[in-house]
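>
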Amino acid sequence: MKLSSLQSGTGDNNPASTTSTSVAEHCTIDNFIVREYRAVTGDVSLSVGDQSSSKSNELTTTLKGDDIHGVDMISTGTSVNIFEPYFLRCGISDNGNDQEDPTVMGRYLEVDFRLVHSHFHLQDADDCGSAAAATQQVGSICEEEDTRCCHSLGVLLHKLFHHLAPSIEREQEESGTTATGKVESGMPRTENDDLSQDKDEGDDDNKEEPAHKKSSITTTGNHSTLLQLGYPSSICLLVQSLLRCEEGENLCQYDSLDAVIKDLHLMLLDPSRFLFDNEPSLESGSMQLLFREHKLYGRENEVSVITDAFCRVSSGSREALFIGGFSGSGKTRLVNSLTARVDVAGGYVITHTFDQMSKDRPLLAVIAVFNQLCLLIQEKNYQRSQAIVKELLQAFDSDISPIGRLLPNFYAMCPELKPSMQDDERNDHVTLRSMCFTLRRFLRVVSSKAHPVVLFLDDLQWCDNSSLTVVESILCDSIESNSFVFVGSYRSNEVAEDHGIFRLINNLRSFGVPTSTVVLEGLNPADLNTMISDALCIFPRMCESLSNIVHTKTKGNPLFVLEFLRSLVDGKLLNYSLRKRRWMWDEDLVNGVEITDSVLFLLTSKMSGLPRNIQSALKVGACFGLKIVEPVVSMLSATPDYSNIRRDLEQVVEEGFMVKIGPSEFRFVHDKVQEAAYSLVPDIEKNKFHYSLGMLLYLMSKEGNKIDGVESVIADQINYDIDQLSSESPELRIEIANINELAGLKARDSSDHVRSSSYFTCAMSLLPTDRWKIHYEISLRVSFLLAESVYIRGESAEGILAEILEECHSFEDKLPAIFLLVAIHFNNQKLGDAFSICHDVLSNRGEHIPQSLNPPSQAIQLIEETSKMVERISYVDLIAMKEMDKELSITMKFYNFITTVAFFSKPEILPFFVHRMIQLTMEYGFCKYSTMGFMNYAMVLCSSSMAKRNILSASRLGKAALSCSKKRCHSSDQLPYLYCVYYGFVAFHTEPLQSCADMLQKGFEAALVHGDIGTAFANSVQCIKNLIMAGGSLSSLLVTVNYHLELSTKYRSQTGIVYHTIFRETISTLIDKGGSTNPEHHPEYQPAEDVSAILVETVYFHRAIQAYWLGHSERCLYFADKFFQMSSNKGKLNGIEMTFINGLNSFQLLRRQSSAKLRRAGKKGITELKAAASNSSWNFSNKVHLLQAEAFSLQDKDEEAAASYTSAIRSAQFSRFVHEQGLACELAAHHYKKIGDHTSAASYFKQAKQCYMQWGSQMKVDTISRELSMLEI
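For what it's worth, full-length UniProt numbering labels the leading residue of the sequence shown as 1, then goes sequentially.
1) Give the straight-line distance between the Cα atoms of K702 and I722, rounded to the nearest whole angstrom.
2) Mapping DSSP to helix, strand and coil, what is Y108?
3) Between A1242 and the ligand ADP, is there a pair consisting of the residue's CB and a ligand heavy atom that are separated by less than 8 Å?
4) Taking Cβ to Cβ, would you say S789 is nearer than 9 Å to H825?
5) Can you name, in chain order, every residue of its own chain whose Cβ lies under 8 Å from the Cβ of F913, other than the five neighbours on each side?
6) How would you label G1111, buried or exposed, when you count the other beta carbons within 10 angstroms and need 16 or more for buried?
7) Which residues in the same chain as P362 place their Cβ atom closer than 6 Å to its Cβ, once the five residues preceding and following it in sequence are excluded?
8) Comparing C-alpha positions only, which one of A1201, N1179, N1175 sits nearest to L1187?
9) Quick check on this structure: which residue in T1206, S750, P976 has the alpha carbon closest to the alpha carbon of K1183?
10) Only counting runs of 3 or more residues, tell me where the beta strand (DSSP E) segments fall wholly within the region 445-485, in order along the chain.
11) Within its chain, find whatever has a CB closer than 6 Å to the CB of T517; leave out the 5 residues flanking it on each side and keep chain order.
12) Considering only DSSP beta bridges, list what F926 is partnered with.
13) If I'm right that M881 touches F926 with Cβ under 8 Å, what's the distance once you round it to whole angstroms?
14) Along the chain, which unbroken stretches of the alpha helix (DSSP H) at least 4 residues long are found entirely within the region 250-274?
15) Nearest-angstrom Cα distance between V669 and D458?
16) Quick one: grab the DSSP three-state call for R148.
17) Hey, F1217 and A961 are a contact pair by Cβ (cut 8 Å); roughly how many whole angstroms apart?
18) What residue from S1181, N381, S643, D1196 has the CA that sits closest to Y1232's CA?
19) Whole angstroms is fine: what's the gap from T1015's alpha carbon to F1004's?
20) What did DSSP end up calling I645 once you bin it into helix, strand or coil?
21) Would you identify the three-state DSSP class for I1235, choosing helix, strand or coil?
22) Can you give me the C-alpha to C-alpha distance between S577 and K660, rounded to a whole angstrom?
23) Tell me the DSSP bridge mates of E665?
24) Since F396 and I388 should fall inside the 8 Å C-beta cutoff, what is the C-beta to C-beta distance between them, to a whole number of angstroms?
25) Check whether the region 726-733 touches the region 748-763, taking contact to mean three or more Cβ pairs, one atom from each stretch, closer than 8 Å.
26) Just checking, does the region 1022-1040 make contact with the region 992-1002 on the three C-beta pairs under 8 Å criterion?
27) May I have the straight-line CA-CA distance separating F1123 from T431, to the nearest angstrom?
28) To the nearest angstrom, how far is it from the Cα of S784 to the Cα of Q724?
29) What does DSSP give as the partner residue(s) for R582 in the beta ladder?
30) Measure the C-alpha to C-alpha separation of R107 and E650 and round it to an integer number of angstroms.
31) Using 9 Å as the threshold, is the C-beta distance between K1025 and L1095 below it?
32) With a CB to CB cut of under 6 Å and the five nearest residues on each side skipped, what residues in its chain are close to Y678?
33) Classify G91 as buried or exposed, calling it buried when 16 or more other Cβ atoms lie within 10 Å of its own Cβ.
34) Which residue marks the beginning of the beta strand (DSSP E) containing V516, and which one marks its end?
35) Would you tell me roughly how many angstroms separate the C-alpha atoms of Q1221 and L1034, rounded to the nearest one?
36) What did DSSP end up calling G324 once you bin it into helix, strand or coil?
The following block contains the structure:
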C-alpha cells in the first residue's frame, strides 16, 4: 500500500474529459487507485475494458449519468471514469507470452471521481476568530466531500459487482471455484445455500437484527444482494459500510478514505483471513477461532531488546536478560521469536521450563539442558563438533572424563574416547562448584562469536538456588569472555523480594555483567483489537467494541484473552453465522459475563465440563509436571485403573490442552494449563493421589517393567505422602527405601547433591529404629551416601560418620567413612586430627609408624635405601608391574593421605612414608597410589637437606610417574596431585618457571573439576608463586590473585584464603606500595594459634621480598634470617629465591658496613645459584651473573662487573624475567654512578624504568625517576 499526493494533473484515464483538473488527493492502494478531483466540469462517462484474452479486446462505453443507477444520487454533475481490465495471470511462459489461466485471481479497478462543490469566499478579517471560523468551514467541506467520496465508491463498487456477476458465474462454472476461493461444483451460493447441512445454534436468520446492537451489522438490501451473488462477506461488509457513509452517525460506516485503505490493505496482505470466507473444521464440523499462534502482538520494543542483546553477544560478550510478567503474558513466545535469528547466525539455543512438580530437581534439569547441547552441536555441524572435541582435549589436558560424567552426550561427539571401564577407587567428589567450573571450561570452548550460545530458562520462580548458582558461575567467568547470553523468565506476581532471582540480578550487575530486565504488561487496546480481529477474521474497526469489553475483563493478558474468547464460543455468546459467514455477538451479553481476574478460572471451568475419563487423564498428567514421559504412560497403561490412559491423553490433545511429542510423550501447552489441571485434584487429596500413582508404578516395576529412568519418578510420587508407608509391611518399606537409594544414586551421578541427600534421607526414614541390627547392609550404604552428599553440599557430616563408625561390624566397613572423615579434617585445616586418624588406620592394618626420625641419620638412610630401589626403574618398568592386591591398595591409599598431611604438619617424617610406599610397590605390585609414592619421593629427593640431592634422577622419576598415571590408571582424579608435586617442587629445577605455572594452572582447574578442593588450591598457591618469581605482569597478577581469592572464599578453602591474601599484599606493594587494593573488598588473613611451619616460612619470605624491593635493606635482612631459621625451605623454590635476594641485599649492606656474615651470605648466594643454574640455565643463570656483578663492583673490579651486568641483563631478557632485567639495569646504573660514569648510569636507569613500566611497578618507576632527576642536577 502506498499513499501519495499529486499537486496537479489531468484526467488521463477519462477520454471524455476536456477540462483541466486540479488534483486534491491521489491514493494508491497496491492494485486499487482512488483519485478525488475538484472544480471539474464535464459529462459522466464509463469505460470498461476487457483483456481476458491474450489479444487486447477493449470495450468502451460512454454513458450519461442517468444510465448508471446510483450515479445521479451522488451529486449533480459528477463525472465518473472506470477502467476494469482482467489483469492477473498465473505466470509467463518462457517465450514471454501470457499463459492462459482459467481461474479468475483478481480485478484491477481505477476510479476517477470528479466532484463539483459550491464555491465559497473567505471574507477579509483581521481577527483570529474569523480565520479560525474560515478554517473550520474549509475542514467541514473537506470532511463532507470525503464522506461523499466514500459513498460514491460504495455505489460504484456495488454497481460494478452486479455488472461482473454474470462473468463471475461463467468463470466459476469453468474453473470449479467459488468467490471464496474454494473449489466447488455448481453455481454461486444463493440466499438459501448454507456452508454445512446444519444450522448454527442460536443463529436465527429469520429474526431481524436489532438496530441498537453496534456489533451486529444489519443486512441491507444491497448487502444481501451481494451475499446472494456469492461474494465474500468481507466484500459485502466493505460495500455496505461505504454506502452508509451518508446515513449519519453509524459505527459501521467509513469516516475517510484512509479507513477504506486499511481494510483493503488487509484483504490484499492476508486474503485467506480477510478476503475469502473460511470453512468450518472438517473434524469438528464447526468454525474455529483462527488465532495466529506464532505472532507477537504489541511486543516490538521487547523484541528489539532481545535482538540487540543477541547482537552484542555475537561480538564476543556475555549478557543476561530477565523477563517478568504475569502467567500468559507471552514471555515464552517473546523469547522463542529469537530462535530463528540465532539459528541463522550459527548459534545454539538450549531451553528448559521449570514446573511446580519438579521444583525439587531443577539442578538436574539444568545439567540436562547442557547435555542436550552436545547433541545439538553434533546434529548441526559434525566438523564443528570434532573441532570442539580437540579444543576440549587441550583445555582439559586430555582428561575429558569430568565432562563425560557430567554430560554423557559428550561421548556422542567422540565415542572412541568413552572409557571401557569405570574406576571403583575414585576419590573425587563432584560438588556444585566443581560442576560449575566444568561447565565454565566447557562453554569457553563451545561458545564463540561464530557460534554463540543462548540459554533460556522459563518459569524461574520454580527453580532453586543451585540452578541460579550455575547461571551466575557461567556469566561471571572472569578468565575469558565467551559469547553467551542467558534469558530467564519468571512470573513477577509469584516471587517475593527475597527470591534468588533478584539476588542473581544484583550479583551479576555487581560483577559487571550487562544485565537487563523487561516486564511484560497486558496488551494495550489497539494491539488487543488487532489480535481479536485476526482471530475473528473481521476488520479491526468492526470488532473494536468487543475488544474493549475483552480488554476490560482480561487486562490484555494474551493467554487470558484466548481462553476468554474460547469460553464465549463454548457459551454460544460468540457465534459464527453460516448464512452471514461471519462471527456474531451481543455486546450486552458479553459484557455481562462474570469472571475472575485469572485465566485459571476459565481453564478449570472448561476442564470441569469435560468427561470424567478426560479429567482423570488431565489430573494424572499434571501430577508429573509439564510432561508425562513414555515409560510412565506405558506402565500406567498396564494397570486396571488407567488401562485407557493413552487414549484419554490423545483426547486431551484433541481438546487443545496438551500436545504430543514423539510417539508417546505428552506435554501441556502452557504451564498455566498444567496448573489448572492439577487444581482438579482437591488440595486435601493431592498427596494421597501422588502416592497412589507412585505405588501403581512401583507395582508395575515388580511385574517385569524396566525401572531404569523412572526410579526418580516413582520415588517422587511416593514421597509426597511417605508417611502412609508407616502402616505398610516392613518388607514394602525396605523396597521403597531401595527405590529411593537408586534415585539418590542417579541424582548423585548428575551432581545434584541437594536432591540426592533428599532421597537418601527418605530412604533412611523408611528403615526401622533398629536398622543396624536387622538391615545392616542398606543402613551402612545409605548412611555413607547421605554423609557424602551432605559433606559435598558444604554441611556437617561428622555426626552421620560418627554413627557409622560406632555401628560398623568390621574395620573394613569403617574404611570409607574414615577416609571421608580424614578429608573433612584436612580441608578444615585440622591436620593433627587427620594425621592421628591415618596413623591409627595404618597401625590397625599392621604398619609400624614411627613418631619421629631421630637422629636425622635415619632419614638419610631411608632416602639412600629408596634411591637404590628406584635407581634403574623406568616408565616401561612401571607399566609392566603386576597389579597390587586390593587390600594393600587400601593401605597405600592411607599412606598417600598421611604423606600429604605430613608435608604440612610433620615434614621431618616425610621420608619414611615415601620410602614405605615405594617399598610396598616394588614388593607387591602397582596400584594407582604407587605413582603418588614415586612422585612424593622425587619431591623429597629435591628438597631434602639431609642427603645429596640428585635433581636429574628426581626429574626422571617424576616424569615417569606422570606418564604412568596417564597410561595405566583409568581415573584422572590423581593427576592434579601429581601436577602439584611435580611442577611445584620438582620441575622448576629443570623447566622454565612460566611452563611450570601453566601446568599448575591446569592442575588447579582439573582438581576443581574433580571436587578436590585441597589439591586445587595447593596447585593455585604454587602457580601464583611461580608467576610472581617469573616476573609476570603485576596488573594481570593482581586480577588473577583476586580471582583465586574469590574462589577460595566460595570454596571455603582456608589454605587458599591465607596464601592468596599474602600474595595479594606483595603484588600490591610492588605495584604502588599497597595503594592498588582495598582491604575492605577482600577477606583478611586471621592466623590461627597452630600455624604450620610452611605458612610461617611463607610469611617471612614475602616480608623479606617486599622489604628488598622497597629498599629497606635492614628489614630485608631481618626477615631473611627468620626465613633461613626454618628447616622446611631447603631445596625449594622459595629457598633458592631467598638465597638470591639475601645475597644481593648483603652486597648492598656491605657497601655501608663490613661484616663476615654478610660476606658469607653473598658467597653462599653465588655458590647455590651456580648449582641451580647447572640444571636450569633459564631460571637461574641471570641471577648468578647479577650476584657476581655485585661482588665485582664491591671489589672495584669494574671491567668484570660491567661484563657480568651485561650478561645478567641479557640472560634475564632471554628468560623473559622483566623484573630481574630491570633490577640488573638499576644495579648497573648505581655501579656506573659510583665510578663517575653518569652517562652510562643514566642510560641504564632509563632501561630499568622501561622494564619496571612493563612489569607494572609504579613504585619502582617513581624510584628510578628520582634517580634520573638527581643525575640531571
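Here a beta-carbon is modelled for each residue, glycine too, at the ideal position from N, C-alpha and C. A quick note: this is a predicted structure, and the numbers were derived from the prediction, not measured.
According to the structure shown:
1) Residue mapping note: residue 702 aligns to position 702 of the sequence shown, counting from 1. Residue mapping note: residue 722 aligns to position 722 of the sequence shown, counting from 1. Spanning the two alpha carbons is a distance of roughly 19 Å.
2) As a working mapping, residue 108 is identified with position 108 in the sequence shown. Note on Y108: pLDDT 49, under 50, position unreliable in the model; no value is reported.
3) Ligands displayed in this structure: none; no statement on the ligand ADP is therefore possible.
4) In the sequence shown, counting from the first residue as 1, residue 789 sits at position 789. In the sequence shown, counting from the first residue as 1, residue 825 sits at position 825. No. Outside cutoff.
5) Here residue 913 corresponds to residue number 913 of the sequence shown, with the count starting at 1. So the qualifying residues of the chain are Y895, I898, T899, A902, N936.
6) Taking the sequence shown and counting its residues from 1, the one referred to as residue 1111 is at position 1111. Its Cβ having fewer than 16 others within 10 Å, G1111 is exposed.
7) Translated into positions along the sequence shown, residue 362 becomes position 362. F354, C463, D464, S467, listed in sequence order.
8) If you number the sequence shown from 1, residue 1187 lands on position 1187. The residue with the shortest Cα to Cα distance from L1187 is A1201.
9) Along the sequence shown, one-based indexing puts residue 1183 at 1183. Comparing Cα positions, the closest option is T1206.
10) Within the region 445-485, the complete beta strand (DSSP E) runs of at least 3 residues are 453-458.
11) For the purposes of this step, residue 517 is identified with residue 517 of the sequence shown, where counting begins at 1. Taking C-beta separations shorter than 6 Å and ignoring five residues to either side along the sequence, the partners of T517 in its chain run F322, following chain order.
12) As a position in the sequence shown, residue 926 is number 926, starting the count at 1. Bridge partners of F926: E883.
13) Looking up residue 881 in the sequence shown gives position 881. Looking up residue 926 in the sequence shown gives position 926. Approximately 4 Å separates the beta-carbon atoms of M881 and F926; this is inside 8 Å, confirming the contact.
14) You should have 257-269, 271-274.
15) Residue numbering aside, residue 669 sits at position 669 when the sequence shown is read from its first letter. Residue numbering aside, residue 458 sits at position 458 when the sequence shown is read from its first letter. Straight-line Cα distance between these residues: approximately 14 Å.
16) The residue you call residue 148 lines up with position 148 of the sequence shown. Here R148 carries a helix assignment [DSSP, helix/strand/coil].
17) Position 1217 of the sequence shown, counted from the start, is the residue given in the question as residue 1217. Position 961 of the sequence shown, counted from the start, is the residue given in the question as residue 961. The pair is not a contact, with the Cβ atoms about 29 Å apart (cut-off 8 Å).
18) Your numbering for residue 1232 matches position 1232 in the sequence shown. Out of S1181, N381, S643, D1196, D1196 has the C-alpha closest to the C-alpha of Y1232.
19) To locate residue 1015, count along the sequence shown from 1; it is residue 1015. To locate residue 1004, count along the sequence shown from 1; it is residue 1004. Those two C-alpha atoms are separated by around 7 Å.
20) The residue given as residue 645 occupies position 645 in the sequence shown. Shown here, I645 sits in a helix according to DSSP, grouped into three states.
21) On the sequence shown, residue 1235 is found 1235 positions in, with the first residue counted as 1. Reduced to three states, the DSSP call for I1235 is coil.
22) Reading the sequence shown from its first residue, position 577 is the one you call residue 577. Reading the sequence shown from its first residue, position 660 is the one you call residue 660. Taking the straight line joining both Cα atoms gives about 33 Å.
23) Within the sequence shown, numbered from 1, the residue matching residue 665 stands at position 665. Partner(s): I661.
24) Position 396 of the sequence shown holds residue 396. Position 388 of the sequence shown holds residue 388. With a Cβ gap of about 12 Å, F396 and I388 do not count as contacting.
25) Taking a cut-off of 8 Å on C-beta distances, the region 726-733 does not touch the region 748-763, as fewer than three cross pairs fall below it.
26) Note that the region 1022-1040 touches the region 992-1002; at least 3 beta-carbon pairs, one per stretch, sit closer than 8 Å.
27) The residue labelled residue 1123 in the question sits at position 1123 within the sequence shown. The residue labelled residue 431 in the question sits at position 431 within the sequence shown. Cα to Cα, the separation comes out at about 38 Å.
28) Reading the sequence shown from its first residue, position 784 is the one you call residue 784. Reading the sequence shown from its first residue, position 724 is the one you call residue 724. Just to set this straight, residue 784 is Phe in the shown sequence, not Ser. When rounded, the separation of the alpha-carbon atoms in F784 and Q724 is 26 Å.
29) Counted from its first residue, the sequence shown places residue 582 at position 582. The partner list for R582 (beta bridge, DSSP) reads S577.
30) As a working note, residue 107 is residue 107 in the sequence shown. As a working note, residue 650 is residue 650 in the sequence shown. For R107, the predicted model reports a pLDDT of 46, less than 50, meaning its position is unreliable; a value from the coordinates is still stated below. Their Cα atoms are separated by approximately 46 Å.
31) Taking the first residue of the sequence shown as 1, we reach residue 1025 at position 1025. Taking the first residue of the sequence shown as 1, we reach residue 1095 at position 1095. For the 9 Å CB-CB criterion, K1025 and L1095 do not form a contact.
32) Position 678 of the sequence shown holds residue 678. The answer, listed in chain order, is A622.
33) As a position in the sequence shown, residue 91 is number 91, starting the count at 1. A caution first: G91 carries a pLDDT of 37, below 50, which makes its placement in the model too unreliable to give a value.
34) Your numbering for residue 516 matches position 516 in the sequence shown. Just to set this straight, residue 516 is Ser in the shown sequence, not Val. Where S516 is concerned, the enclosing beta strand (DSSP E) stretches over 515-520.
35) Position 1221 of the sequence shown holds residue 1221. Position 1034 of the sequence shown holds residue 1034. C-alpha separation (whole angstroms): 15 Å.
36) Within the sequence shown, residue 324 is the residue found at index 324, counting from 1. Strand, per DSSP.
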